[in-house]
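**Student:** If you read the protein sequences in the order shown, they are chains A and B.
Numbered per my numbering, the first sequence spans residues 1 to 230.
Numbered per my numbering, the second sequence spans residues 1 to 230.
Even glycine gets a Cβ: it sits at the ideal position worked out from N, Cα and C.
Protein chains: 2
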Amino acid sequence: MSLAAARILLIEDDAVIRGFVRESLQTEGGEVFEADTGARGLIEAATRQPALLILDLGLPDRDGLDVIRDIRSWSQLPIIVLSARTQETAKVAALDAGADDYLIKPFGVPELLARVRAQLRRAAVPAGAAEAVFRFGSNEVDLAQRRVLHAGEEVHLTQLEYRLLATLIREQGRVVTHRQLMQEVWGPGYAERTHYLRIYMKQLREKLEDNPAQPAFLLTETGVGYRLQA
Amino acid sequence: MSLAAARILLIEDDAVIRGFVRESLQTEGGEVFEADTGARGLIEAATRQPALLILDLGLPDRDGLDVIRDIRSWSQLPIIVLSARTQETAKVAALDAGADDYLIKPFGVPELLARVRAQLRRAAVPAGAAEAVFRFGSNEVDLAQRRVLHAGEEVHLTQLEYRLLATLIREQGRVVTHRQLMQEVWGPGYAERTHYLRIYMKQLREKLEDNPAQPAFLLTETGVGYRLQA
DNA sequence: GAGTGGGCGTAAAGATTGTGTAAACGAAAA
DNA sequence: TTTTCGTTTACACAATCTTTACGCCCACTC
Numbered sequence: 001m002s003l004a005a006a007r008i009l010l011i012e013d014d015a016v017i018r019g020f021v022r023e024s025l026q027t028e029g030g031e032v033f034e035a036d037t038g039a040r041g042l043i044e045a046a047t048r049q050p051a052l053l054i055l056d057l058g059l060p061d062r063d064g065l066d067v068i069r070d071i072r073s074w075s076q077l078p079i080i081v082l083s084a085r086t087q088e089t090a091k092v093a094a095l096d097a098g099a100d101d102y103l104i105k106p107f108g109v110p111e112l113l114a115r116v117r118a119q120l121r122r123a124a125v126p127a128g129a130a131e132a133v134f135r136f137g138s139n140e141v142d143l144a145q146r147r148v149l150h151a152g153e154e155v156h157l158t159q160l161e162y163r164l165l166a167t168l169i170r171e172q173g174r175v176v177t178h179r180q181l182m183q184e185v186w187g188p189g190y191a192e193r194t195h196y197l198r199i200y201m202k203q204l205r206e207k208l209e210d211n212p213a214q215p216a217f218l219l220t221e222t223g224v225g226y227r228l229q230a
Numbered sequence: 001m002s003l004a005a006a007r008i009l010l011i012e013d014d015a016v017i018r019g020f021v022r023e024s025l026q027t028e029g030g031e032v033f034e035a036d037t038g039a040r041g042l043i044e045a046a047t048r049q050p051a052l053l054i055l056d057l058g059l060p061d062r063d064g065l066d067v068i069r070d071i072r073s074w075s076q077l078p079i080i081v082l083s084a085r086t087q088e089t090a091k092v093a094a095l096d097a098g099a100d101d102y103l104i105k106p107f108g109v110p111e112l113l114a115r116v117r118a119q120l121r122r123a124a125v126p127a128g129a130a131e132a133v134f135r136f137g138s139n140e141v142d143l144a145q146r147r148v149l150h151a152g153e154e155v156h157l158t159q160l161e162y163r164l165l166a167t168l169i170r171e172q173g174r175v176v177t178h179r180q181l182m183q184e185v186w187g188p189g190y191a192e193r194t195h196y197l198r199i200y201m202k203q204l205r206e207k208l209e210d211n212p213a214q215p216a217f218l219l220t221e222t223g224v225g226y227r228l229q230a
């Protein structure tokens, strides 16, 4: 998942190459769009708004350099060029037309992926504040920062407490069985030790419920498991 | 004048290569600084503040990947790697360590210049983002200049201290796991030596916290990692 | 309707691991 | 040589996890 669901446009007329490049990118977690001509590629680039473009220079309908220049007239997106042409002048021309990298066929998939990562890394928006905050009652759980607030005050949770809470949040509203909780928080081999759950649920309630004796969010489902009511 | 007087740092131990690369860059209008060892190079990078770095991986004194990681801990400047190693794994390692491009020796000067132009072009866009000073408590950390002030006084941090701090700053607020810190500061292969973290965290606290015994910013998340609270 | 047992909550004492601190060593740099 | 820095070793203390013990509630049974 190192490509983190990045949208990638692949313009390549050779169906075989297109196929394995697409697969490689998808395996790494990318979302791939394809085009087999320059004209089609330009339309896709405009409509899909990809985060990166992989462009074959040897297209049937248009000169690859032309495609680069066209895109550069309205977009800064990173462009990695694929080409069978090894001449230095071809590389220079593509790079000066606006490409960011140039890879000669045949190329290795690991290298392509590494260059894709390098381009995406550079292009990544610095801010990105994902804002993944989960709220219930007077609590806020920031999963990205691993921080928990209760009534505005920061609450310290131990590793197991936090993992337990995070698991319940992930299944918010649904009942999570004893077995599943033990598996996710303590790992395999602890399935029988369900008493731990009672101990740690008490601690969570103590820290997060307004009235720990009568929990409003961290609920018991007798004989089954626990549930987080949001 | 296509390089537009850009400041370029060249780290290369081979005097012959260094010579003709320098000349080529200067002919195109670049301002070139040189270093023939990794250690010297890091100092030059910090003091000259180049717009681009060309780095030979086969340095006599330090592992080239380590140099990349070090620079990446405090700077986003484009890095073009030169190397005699053609193996794909070497390319992937360098790119994933933070390099932006990888050129195999022997390379053509026109191609190098084109790749330099491509990197400079891309880096030129977000120019306004300067002024990267991070503040917490009575501390100011200038990531661009690699300078740290505590209560107005300049504080000297060692290489590892600085990298650790820079990593925490980059993830400001978030918990950074032991594993991730070890990976980013010491590199792969040190994952188990988490005791180093305790030693260096203590030293950072000693230098930056008002009350090192009760840290207010450099916080421990027991069993998980550390966090910089801004 | 008193007894019984499972499931649950509560409490507190070990046991274990993680963390902070100090100090010493050797290699490299000044 | 002296200084600086990264590494290694040692140990005390704190935080956390695990274990053990006990009481309550409720459904069910006799």
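For B:LYS105, name the three-state secondary structure that DSSP assigns.
**Tutor:** In this structure, B:LYS105 counts as coil in the three-state DSSP scheme.
**Student:** Taking Cβ to Cβ, would you say A:LEU164 is nearer than 8 angstroms to A:LEU181?
**Tutor:** Taking 8 angstroms as the Cβ cut-off, A:LEU164 and A:LEU181 qualify as a contacting pair.
**Student:** Return helix, strand or coil for B:THR89, following the three-state DSSP convention.
**Tutor:** Looking at B:THR89 - three-state DSSP - the assignment turns out to be helix.
**Student:** Quick check: the Cα distance between B:ALA4 and B:ARG115, rounded to an integer number of angstroms?
**Tutor:** Answer to the nearest angstrom: the Cα atoms are 15 angstroms apart.
**Student:** Ignore the nearest five residues each way along the sequence and tell me which others in A:LEU103's own chain have a CB closer than 8 angstroms to its CB.
**Tutor:** Closer than 8 angstroms at Cβ, skipping near neighbours: ILE80, VAL81, LEU82, SER83, GLU111, LEU112 and ARG115.
**Student:** Taking the alpha-carbon positions, what's the A:ASP56 to B:ALA230 distance?
**Tutor:** Taking the straight line from one Cα to the other gives about 46 angstroms.
**Student:** Interface residues of chain A around B:VAL224 at Cβ under 9 angstroms?
**Tutor:** Those within 9 angstroms of B:VAL224 in chain A are ARG146, GLN159 and TYR162.
**Student:** Roughly how many angstroms lie between the CA atoms of A:GLN49 and A:LEU77, to the nearest whole one?
**Tutor:** Between A:GLN49 and A:LEU77, the C-alpha separation is close to 9 angstroms.
**Student:** Can you tell me whether DSSP reads A:SER138 as helix, strand or coil?
**Tutor:** Here A:SER138 sits in coil by DSSP.
**Student:** Using a Cβ-Cβ distance under 8 angstroms, would A:PRO106 count as near chain B?
**Tutor:** With 8 angstroms as the cut-off, A:PRO106 does not count as an interface residue toward chain B.
**Student:** Using the three-state DSSP reduction, which class does B:THR52 fall into: helix, strand or coil?
**Tutor:** Per the sequence presented here, residue 52 of chain B reads as Leu, with Thr not at that position. Strand, per DSSP.
**Student:** Comparing C-alpha positions only, which one of A:ALA97, A:ALA35 and A:GLU23 sits nearest to A:ASP14?
**Tutor:** Cα-wise, what sits closest to A:ASP14 is A:ALA35.
**Student:** So what's B:VAL81 in DSSP terms, helix, strand or just coil?
**Tutor:** Note: B:VAL81 maps to strand in three-state DSSP.
**Student:** Could you tell me if B:ILE8 is buried or exposed, where buried requires 16 or more neighbouring beta carbons within 10 angstroms of its beta carbon?
**Tutor:** Its Cβ being crowded by 16 or more others within 10 Å, B:ILE8 is buried.
**Student:** Am I right that A:TYR226 and A:LEU168 are in contact with their C-beta atoms under 8 angstroms? What's the rounded C-beta distance?
**Tutor:** Their Cβ separation, rounded to whole angstroms, is 7 angstroms, which keeps A:TYR226 and A:LEU168 in contact under 8 angstroms.
**Student:** Examine the Cβ distances between the region 94–102 of chain A and the region 58–72 of chain A and report whether three or more of them are shorter than 8 angstroms.
**Tutor:** With the cut-off at 8 angstroms, the region 94–102 of chain A and the region 58–72 of chain A touch.
**Student:** Can you tell me which of the three DSSP states A:ARG179 falls into?
**Tutor:** If DSSP states are grouped into helix, strand and coil, A:ARG179 belongs with the helices.
**Student:** Closer than 7 angstroms by C-beta to A:LEU204: which residues in its own chain qualify, once you throw out the five before and the five after it? Chain order, please.
**Tutor:** Within the same chain, A:LEU204 has close Cβ partners GLU161, LEU164, LEU165 and LEU218.
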